[in-house]
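The sequence shown begins at 231 in the working numbering and counts up by one.
We put the CB at the ideal spot given by N, CA and C, even for glycine.
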Amino acid sequence: MRALFVTRKFPPSVGGMETWSKEFHAACVASGADVDLLKPASDHIGRPSLAQMAAFFASASWALVRHGRRYEAVLLGDFALATLAIVAKLATFGRIRTVVQLHGNDLYFMRQRGLVPTLYRALCAFVVGTRAIDATVANSRAIRDEAAMRGLPASVVVPLATHAPADDALVQQPRAMRLVFAGRLIRYKGLSWFVRTVWPKLDPTFELVVAGGVWDAEERACLEGDARIRYVGALDPAALQALRATAIACIMPNVRPQANEQDEGFGLAALESPAVGTPILASACGGLPDAVTDGVTGFLLPPGDADAWVACLHRVARWTAGERIAFGTRARAHILEHATWDRVARDTLAVLAARA
């Protein structure tokens, strides 16, 4: 099978979709799969402008018109590119198989209010009505369910992956009484809820280190005035990995989203922590139940249940060094076996190759 992979999100821009695009394509190349990559001709950092998106849509459409008949299948990198499925079908007289990858924000944006989300919902309804999309791939069961609610074809769930360090040196090193929150400072990720309701009940020997960009000023403001909480800003992947390896646990205390709010599509951080032997404590909501193997890579906790969070954190804090290393070793081994990009590529390519 020869396939075309079309993505508008690729490094050096940083984010979950960019990481998926880069790692998925690299794994395809490493496996020998015949997958061509079509991405923006010029690099950009951050969110693309409407003009940049329109320019890429036009160039991708032209590429499909000119070369679409070379391919048996096309993978569109997120739902914002879904209208290219119509172009692909027209350019190949319906012969090409069209598959759309679904991440989270590309669907959750339709929950918002305003003119642009309204137009996006209308576009979704139009594309669904054309039946130009043959299949979808979702990062998690939560995204699969969101897609079904929007009328999209049934999704195959392919959880994401990460890279674990080559050796277990980070697992073995001593840990401070430190918790790490790594992610965007935005309401649904639950940092302010954690600081207000869980943090005051924890043993005073704990410290909290927060890393990530500020999307919500109130989430940043909640960190002020406590000497045991330290905000370090956004870190590069190597620095973030080193920070996680100094902690007894990393936290993802997500809260249930409001009606017009996005949710956690998957949560790559839930894999990156156990990859260095640090348990992840996460709320059992959104896509996190597909990212955390409860009791193996970390612990899933009821969202909004402060007492459950306090009890679990104190239990982890009481582990001996031997217990901590044993848990971290098992967690890392699980990531190495199950959370690999070659598995993501293999499962996604199987969807591309399938025929109804």
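Residue nearest to residue i in terms of C-alpha spacing, selected from the options
i: P278; options: P241, V295, E302 and A256; result: P241
i: N490; options: R325, L470, S261 and L337; result: L337
i: A561; options: A318, G262 and G528; result: G528
i: K239; options: A260, R299, L306 and A293; result: L306
i: A536; options: A271, L421, F496 and R554; result: L421
i: L579; options: V244, G245, S243 and G262; result: G262
i: A293; options: Q282, K269, G443 and A281; result: K269
i: G298; options: A310, A281 and V265; result: V265
i: V425; options: I481, G443 and A396; result: I481
i: I459; options: A468, E253, P434 and F496; result: P434
i: A468; options: L400, L432 and R417; result: L400
i: P509; options: L267, V410, Y418 and G442; result: V410
i: A551; options: R296, Q403 and A285; result: Q403
i: F356; options: D397, A396, R343 and L314; result: L314
Close-in-space but distant-in-sequence residues of the same chain around residue i (CB under 6 Å, 5 per side omitted)
i: A583; result: M231
i: T392; result: L501, E502, A505 and A569
i: V386; result: V367 and V581
i: R327; result: A303 and D364
i: E494; result: N484, G516, G517 and L518
i: A586; result: Confidence at A586 is low in this model, with a pLDDT of 49, below 50, so its placement is unreliable and the value that follows should be read with caution. There are no such residues.
i: K419; result: G413 and N484
Contacts around residue i, its chain only, beta-carbon distance under 8 Å, and the 5 residues preceding and following it disregarded
i: M340; result: P347, Y350, R351, C354 and R380
i: V358; result: R380, G381 and L382
i: D308; result: T237, R238, K239, M247, V330, Q331, L332, H333 and D336
i: D520; result: N369, S370, R371, A372, V387, P389 and F496
i: F286; result: R238, P270 and P278
i: K252; result: F240 and P241
C-beta neighbour in chain D for residue i, strict 8 Å
i: L470; result: Of the chains in the structure shown, none is chain D; there is only one protein chain.
Residue i - DSSP class collapsed to helix/strand/coil
i: Y338; result: helix
i: L234; result: strand
i: A586; result: In this prediction, A586 scores a pLDDT of 49, lower than 50, which makes its location untrustworthy; the coordinate-derived value is nonetheless stated afterwards. The answer is coil: DSSP assigns A586 none of H, G, I, E or B.
i: V357; result: helix
i: D596; result: Here the chain has residues from 231 to 586 only, and residue 596 is not among them.
i: Y301; result: coil
i: R458; result: coil
i: I510; result: strand
i: C480; result: strand
i: L453; result: coil
i: T559; result: helix
i: F496; result: coil
i: A441; result: strand
i: F240; result: coil
i: T366; result: strand
i: R554; result: helix
i: G463; result: strand
i: D266; result: strand
CB-CB length for residue i against residue j, believed under 8 Å
i: Y301; j: A233; result: 6 Å
i: P533; j: V485; result: 6 Å
i: R408; j: T322; result: With 8 Å as the limit, R408 and T322 do not qualify as a contact, their Cβ atoms being about 55 Å apart.
i: V462; j: V439; result: 6 Å
i: E449; j: L415; result: 4 Å
i: S513; j: P487; result: That pair is no contact at about 11 Å.
i: L465; j: L453; result: Incorrect: roughly 16 Å between the Cβ atoms, too far for contact.
i: A538; j: L530; result: Their Cβ separation, rounded to whole angstroms, is 10 Å, which puts A538 and L530 out of contact at 8 Å.
i: G638; j: G558; result: Past the edges of the chain, shown from 231 to 586, lies residue 638, and the structure says nothing about it.
i: A216; j: W571; result: Because the chain in this structure spans residues 231 to 586, residue 216 falls outside the shown range and cannot be described.
Burial state of residue i (16 or more Cβ within 10 Å)
i: L518; result: buried
i: A312; result: buried
i: H255; result: buried
i: V259; result: exposed
i: W445; result: exposed
i: A384; result: exposed
i: F235; result: buried
i: R374; result: buried
i: W250; result: buried
i: K431; result: exposed
i: L345; result: exposed
i: A396; result: exposed
i: L280; result: exposed
Close beta carbons around residue i, own chain, < 7 Å, minus the five adjacent residues each side
i: T360; result: I316
i: R405; result: T476, A477, I478 and R554
i: C542; result: L511, F529 and L531
i: G394; result: Reading off the sequence shown, one finds Ala at residue 394, where the question assumed Gly. Excluding positions up to five away in sequence, the list reads A505, R562, I565 and L566.
i: A318; result: L294, G298, V304, I326 and T328
i: V522; result: A500, I510, A512, G528 and L530
i: G442; result: A412, G413, R414, L415 and A464
i: A290; result: V236, L268 and L314
i: V540; result: V428, K431 and L432
beta-carbon residue i near the ligand SAM non-hydrogen atom, thresh 7 Å
i: M482; result: The ligand SAM is absent from the structure shown, which contains no ligand whatsoever.
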